[in-house]
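With the first letter of the sequence shown counted as 1, position 124 gets the number 1616 in this note's numbering; the numbers rise by one all the way through. Take a look at the structure set out below.
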Amino acid sequence: MKNMAGRTNEQIGQFLFPDWDQDQLNKLVQEKEALFESSARQHLKEINGLHKFCKWIEEKGLNRAAVTNAPRYNAELMISILGLSEFFPFIVTGEECRRAKPFPDPYLEGLRKLNASPDHTLVFEDSLTGVKAGVAAGMQVIGVAAIGQEKSLAEAGATLCIRDYEDEKLWSALEKLNAC
């Protein structure tokens, strides 16, 4: 999780195999992507409360974009499997930006596409690189933390860490924001 989650295939390949040439890395990435697709189709499940949260966002008429370091095909695949293709009008991938996360570029591109201000935007992130990117882009970041990951996401700048979208801390924070 520390060295691979939230990173592009290029970043992962350079980290794991810094001495490999590009052909070797390309072959590895192709194999990795085929395994990912097969696994995602069989095992990808929504995080608890995700659809309830998405419904709340739609009811409030809030703008949204998916911003990820995953390859576009993987992002579209996961969003489709979760039934959220219509929910996200925009997908921004790190590989389509000058610099991927942990740099702010993907989030800044998302803000541009949404014509939004970082002061009025919330980021939901499950990786250190994503939290760092959202913070660097000037946005408040809510860390969606796996077990044992809360401390590292908070240290990276997450304003709030939740376990899933049913977490009472999330709904309390949203109520406070809604009251403003």
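Cβ atoms here follow ideal geometry from the backbone N, Cα and C, with glycine treated the same way. Computed from a predicted model, the values in this text were never measured in an experiment.
- Pairing P1598 with G1586 gives a Cβ-Cβ distance under 8 Å.
- Taking L1662 as the centre and dropping the five residues before and after it, the same chain places the C-beta of I1654 closer than 6 Å to its C-beta, in chain order.
- Three or more Cβ pairs drawn from the stretch 1602 to 1610 and the stretch 1579 to 1594 lie within less than 8 Å of each other, which places the two stretches in contact.
- For I1639, the secondary structure class from DSSP, reduced to helix, strand or coil, is coil.
- At the C-beta level, R1533 and I1571 stay beyond 8 Å of one another.
- DSSP, reduced to helix, strand and coil, places I1583 within a strand of the structure shown.
- S1531 has its alpha-carbon roughly 31 Å from the corresponding atom of V1627.
- For C1546, the enclosing alpha helix (DSSP H) begins and ends at L1542 to K1552.
- Assigned with DSSP and collapsed to three states, T1621 falls in helix.
- About 15 Å separates the beta carbon of I1539 from that of V1615, a gap too long to meet the 8 Å contact definition.
- Contact check for R1564 against F1579 fails: the beta carbons are separated by 8 Å or more.
- Taking all protein chains shown into account, R1499 has 16 or more neighbouring C-beta atoms within 10 Å of its C-beta and is therefore buried.
- Secondary structure at I1504: helix, using DSSP grouped into helix, strand and coil.
- The shortest C-alpha to C-alpha distance from L1645 to any of E1525, H1535, E1617 and R1591 is the one to E1617.
- Straight through space, the alpha carbons of E1551 and E1642 are spaced by roughly 29 Å.
- DSSP assignment within the stretch 1553 to 1617 yields the following whole alpha helix (DSSP H) runs of 4 residues or more, N-terminal first: 1564 to 1573 and 1597 to 1606.
- Per DSSP, L1652 is one residue of the beta strand (DSSP E) stretching across L1652 to I1654.
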